[in-house]
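Number of protein chains: 2
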Amino acid sequence: MNQIIESKGISHCSVFKYSHSWYELLTEDEKLLIDGHSVSLTFKKGETVCKRGAFASHIYFLEEGLVKVYLEERNKNLILMLSTKNNLLGLAAIYDGNNKLPYTVSTYTNSTIRMIDIQIFRQLLKQNSEFSFHIISLLNEKTAQIYGRFFSLTQKQLHGRLADILLCLSNRIFKSKSFELPLSRADLGDLTGMSTESVIRMMKEFKDDGLIEMNCKSIELLDVARLERISEFG
Amino acid sequence: MNQIIESKGISHCSVFKYSHSWYELLTEDEKLLIDGHSVSLTFKKGETVCKRGAFASHIYFLEEGLVKVYLEERNKNLILMLSTKNNLLGLAAIYDGNNKLPYTVSTYTNSTIRMIDIQIFRQLLKQNSEFSFHIISLLNEKTAQIYGRFFSLTQKQLHGRLADILLCLSNRIFKSKSFELPLSRADLGDLTGMSTESVIRMMKEFKDDGLIEMNCKSIELLDVARLERISEFG
DNA sequence: GGAAAAAACTGATCTGAAACAACTATTTTT
DNA sequence: AAAAATAGTTGTTTCAGATCAGTTTTTTCC
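The listed protein sequences correspond, in order, to chains A and B.
Under the working numbering, the final residue of the first sequence carries the number 242; numbering is consecutive throughout.
Under the working numbering, the final residue of the second sequence carries the number 242; numbering is consecutive throughout.
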């Protein structure tokens, strides 16, 4: 429906196929500015989009695909979050000091990412307060999520953490009780702060207990209520 | 110097004794609005300022004192951050959905907190983009800090985590190599994700190794370079 | 299509750090 | 000033979960 309307009207924007609340808050001029200062690139599965510590040159808008946002240091990895399409990434690099990227981003699947010039983005934030208010909302939403994961990883033990991540994948990422997992067991480990072996053992335990059905990459949650109880009690 | 100028001129603001970058970005009218919709309250040591889950009614400006910002659930505590004077707290509650507080705040020392009406604050964010850009900066700075702690608590072991927190206290909070700690050992535990007993043992070990000098509540860092190395190799 | 590489899995072992159990030293209360 | 409560400390025990070492399965790519 939206697409039909769009293809009929004057396309002020070839950029964003679907409307995104943040984009819609911009004026026509501002939209044109974004359009003129961004390019859409494709990344293959497993490619690195940007590296922690690098000077931030773009804001990334994930048009298609699945990526991980993570910290790496001396073979220790911590995945901060997963992101699906229609999400802005790299916002955390915007601040007054020297804006270096605080995390690395890489793809799980082939992805399309629109790279928006960060200076333009900053300029718009500084001139359009409705827009910047919306960005504040987005940032705070992400922060709340991070707090949840922080608590989970530091205060719960393996059962709870694995339940957390399975529920998260099901609810937020795949929006279905059964899904094909593009992440490896090692990635699940980086996501839950546990070793690959423990992930495997724990998942098998869940399977034996009838909580999930699992066949290599495909996973189905069978008993969500019980998973939620496990998540809650650690 | 600033104070002299201030006491001479017409005090448009009895509120903030010193200039704060965020406040200075407001217009005179906006400053008056803040002044008219905020009150300064004093809290005694150990009092709770606000509770996680409550509907957010204010933004808190810590004029004086030391507070902890934390998550609590079923006798599990996780301190997200410590905050000293001249910091804004409660910003994370600002988002479009139902804005509940994502954390609890309580005081370590007697504190003075200016409580600013959150609706007014939101209004200003929506109308003054220089201001909201600055707030984005602040939020991102805090986020970067949280990421650091997240990594520390999930990827390092006790030595590294304790070194981290000691360096943080010295650099960010007390800005001195020696300080009187208003936090208990249990609080250090909540801050580092370790048990009280482990905090005590680890601190004693650091003392025996000549890394710190310690006498109950007073602590002095003796070998910062080595602490940094411990922090790094965690 | 088959060799090589990567990922998934299993069992055995080891260890960091929590939990437990006293006990002492401080504060706070009455 | 005594009693109670809180905070700090120490030694011992226990166990969750990492590490190691190896096997099997799946994927990748000449």
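The C-beta atom is built at its ideal place from N, Cα and C for all residues, glycine as well.
Near-chain B residues of the stretch 91–109 of chain A - C-beta to any C-beta below 7 Å: Ala100, Ile102, Tyr103, Asp104
Thr204 (chain A) - containing alpha helix (DSSP H), residue span: In the first sequence, counting from the first residue as 1, residue 204 (chain A) sits at position 196. Segment 204–216, the alpha helix (DSSP H) holding Thr204 (chain A).
Minimum C-alpha distance to Leu90 (chain A) - residue among A:Lys84, A:Leu70, A:Thr35: Walking along the first sequence from the start, residue 90 (chain A) turns up at place 82. With distances taken between Cα atoms, Leu90 (chain A) lies closest to A:Leu70.
Limits of the unbroken beta strand (DSSP E) element including Glu80 (chain B): Indexing the second sequence from 1 puts residue 80 (chain B) at position 72. From DSSP, the beta strand (DSSP E) with Glu80 (chain B) extends over 74–81.
Unbroken stretches of the beta strand (DSSP E), 3 residues or longer, contained in the stretch 136–220 of chain B: 186–188
Straight-line Cα distance separating Arg169 (chain B) from Arg209 (chain B): Taking the first residue of the second sequence as position 1, residue 209 (chain B) is located at position 201. Taking the first residue of the second sequence as position 1, residue 169 (chain B) is located at position 161. Taking the straight line from one Cα to the other gives about 13 Å.
Min CB distance Val232 (chain B) to chain A below 8 Å: The sequence position of residue 232 (chain B) within the second sequence is 224, counting from 1. With 8 Å as the cut-off, Val232 (chain B) does not count as an interface residue toward chain A.
Contacts of Ile154 (chain A) in chain B (Cβ-Cβ under 9 Å): To locate residue 154 (chain A), count along the first sequence from 1; it is residue 146. Going along chain B in sequence order, the residues near Ile154 (chain A) (Cβ under 9 Å) are Thr151, Ile154, Tyr155, Phe158.
Three-state secondary structure (DSSP) of Leu97 (chain A): As a position in the first sequence, residue 97 (chain A) is number 89, starting the count at 1. Looking at Leu97 (chain A) - three-state DSSP - the assignment turns out to be strand.
Segment contact flag, the stretch 77–91 of chain B with the stretch 42–56 of chain B, C-beta cutoff 8 Å, min 3 pairs: no
Rounded separation between Phe141 (chain B) and Lys150 (chain B) - CA only: On the second sequence, residue 141 (chain B) is found 133 positions in, with the first residue counted as 1. On the second sequence, residue 150 (chain B) is found 142 positions in, with the first residue counted as 1. Straight-line Cα distance between these residues: approximately 14 Å.
Selected residue, minimal CA-CA separation from Leu174 (chain B), among B:Phe63, B:Asp37, B:Leu189, B:Gln163: In the second sequence, counting from the first residue as 1, residue 174 (chain B) sits at position 166. Considering only alpha carbons, the answer is B:Leu189.
Through-space distance from Gly201 (chain B) to Leu161 (chain B), alpha-carbon basis: The residue you call residue 161 (chain B) lines up with position 153 of the second sequence. The residue you call residue 201 (chain B) lines up with position 193 of the second sequence. Each residue's alpha carbon lies about 6 Å from the other.
Beta-carbon neighbours of Tyr111 (chain B), restricted to chain A and to distances below 9 Å: In the second sequence, counting from the first residue as 1, residue 111 (chain B) sits at position 103. Within 9 Å Cβ-Cβ: Tyr155.
Supposed contact pair Lys53 (chain A) and Thr117 (chain A) - C-beta distance, whole angstroms, cut 8 Å: The count along the first sequence starts at 1 and reaches residue 117 (chain A) at position 109. The count along the first sequence starts at 1 and reaches residue 53 (chain A) at position 45. Their Cβ separation, rounded to whole angstroms, is 5 Å, which keeps Thr117 (chain A) and Lys53 (chain A) in contact under 8 Å.
Local conformation of Tyr116 (chain B) per DSSP, three classes: Residue mapping note: residue 116 (chain B) aligns to position 108 of the second sequence, counting from 1. The answer is coil: DSSP assigns Tyr116 (chain B) none of H, G, I, E or B.
Same chain, Cβ closer than 8 Å to Tyr68 (chain A), neighbours up to 5 away in sequence not counted: As a position in the first sequence, residue 68 (chain A) is number 60, starting the count at 1. Val57, Cys58, Leu96, Leu97, Gly98, Val113, Ile121, Arg122, Met123, Ile124.
8 Å Cβ cutoff met for Leu64 (chain B) and Ala101 (chain B): What you label residue 64 (chain B) is simply residue 56 of the second sequence in a count that begins at 1. What you label residue 101 (chain B) is simply residue 93 of the second sequence in a count that begins at 1. According to the sequence as given, residue 64 (chain B) is Ala; it is not Leu. In this structure, Ala101 (chain B) lies closer than 8 Å to Ala64 (chain B) by Cβ.
Inter-residue spacing [alpha-carbon to alpha-carbon] between Val77 (chain B) and Asn223 (chain A): Here residue 77 (chain B) corresponds to residue number 69 of the second sequence, with the count starting at 1. Here residue 223 (chain A) corresponds to residue number 215 of the first sequence, with the count starting at 1. So the alpha carbons of these two residues sit roughly 42 Å apart.
Closer than 8 Å at the beta carbon, the chain A residues around Lys134 (chain B): One-based indexing of the second sequence puts residue 134 (chain B) at position 126. Correct list: Ser137, Glu138, Phe141.
DSSP state of Tyr26 (chain A) mapped onto helix, strand, coil: Within the first sequence, numbered from 1, the residue matching residue 26 (chain A) stands at position 18. Caution is warranted here: a pLDDT of 49 is assigned to Tyr26 (chain A), below 50, making its placement in the model unreliable, and the coordinate value is therefore given only provisionally. Three-state result, Tyr26 (chain A): coil.
Selection from A:Thr92, A:Ile144, A:Gln127, A:Tyr111 that minimises the alpha carbon distance to Gly6 (chain B): Residue 6 (chain B) is absent from the structure shown; chain B starts at 9 and stops at 242.
Cutoff 8 Å: Lys61 (chain B) Cβ touching any chain A Cβ: Numbered from 1 along the second sequence, position 53 holds the residue referred to as residue 61 (chain B). First, the amino acid is wrong: residue 61 (chain B) is Gly here, not Lys. Chain A contact via Cβ: absent.
Span of the beta strand (DSSP E) around Glu228 (chain B): Start at 1 with the first residue of the second sequence, and residue 228 (chain B) comes out as number 220. Unbroken beta strand (DSSP E) run through Glu228 (chain B): 226–229.
Backbone CA spacing between Ile126 (chain B) and Ser137 (chain A) [nearest angstrom]: Walking along the second sequence from the start, residue 126 (chain B) turns up at place 118. Walking along the first sequence from the start, residue 137 (chain A) turns up at place 129. Rounded to whole angstroms, Ile126 (chain B) to Ser137 (chain A) spans 17 Å at the Cα level.
Three-way DSSP call (helix, strand, coil) for Leu34 (chain B) in this model: Locating residue 34 (chain B) in the second sequence gives position 26, where the first residue counts as 1. Here Leu34 (chain B) sits in coil by DSSP.
Residue nearest to Gln165 (chain A) in terms of C-alpha spacing, selected from A:Ser203, A:Asp37, A:Ala233: Start at 1 with the first residue of the first sequence, and residue 165 (chain A) comes out as number 157. Gln165 (chain A) has its Cα closest to that of A:Ser203, out of A:Ser203, A:Asp37, A:Ala233.
Closer than 8 Å at the beta carbon, the chain A residues around Leu243 (chain B): Because residue 243 (chain B) is not part of the residues shown, which for chain B are 9 to 242, the question remains open.
Where Lys84 (chain A) meets chain B, residues with beta-carbon distance less than 7 Å: Within the first sequence, numbered from 1, the residue matching residue 84 (chain A) stands at position 76. What Lys84 (chain A) touches in chain B: Gln163.
Any C-beta of chain A under 8 Å from that of Gly168 (chain B): Here residue 168 (chain B) corresponds to residue number 160 of the second sequence, with the count starting at 1. False, the Cβ-Cβ gap to chain A never drops below 8 Å.
Where the beta strand (DSSP E) containing Ser65 (chain A) begins and where it ends: Here the question's residue 65 (chain A) lines up with position 57 in the first sequence. Note, Ser65 (chain A): premise wrong, no beta strand (DSSP E); not H, not E.
Met210 (chain A) Cβ short of 7 Å to the ligand FMN heavy atom set: The model on display carries no ligand, and the ligand FMN is accordingly not part of it.
CB contact below 8 Å: Leu34 (chain A) versus chain B: Along the first sequence, one-based indexing puts residue 34 (chain A) at 26. Leu34 (chain A) does not count as touching chain B.
Closer than 8 Å at the beta carbon, the chain B residues around Gly201 (chain A): Walking along the first sequence from the start, residue 201 (chain A) turns up at place 193. Under the 8 Å cutoff, chain B gives Thr162, Gln163.
Cβ pair Ile227 (chain A), Ile220 (chain A) closer than 8 Å: Counting from 1 along the first sequence, the entry for residue 227 (chain A) is found at position 219. Counting from 1 along the first sequence, the entry for residue 220 (chain A) is found at position 212. The answer is yes: Cβ separation under 8 Å.
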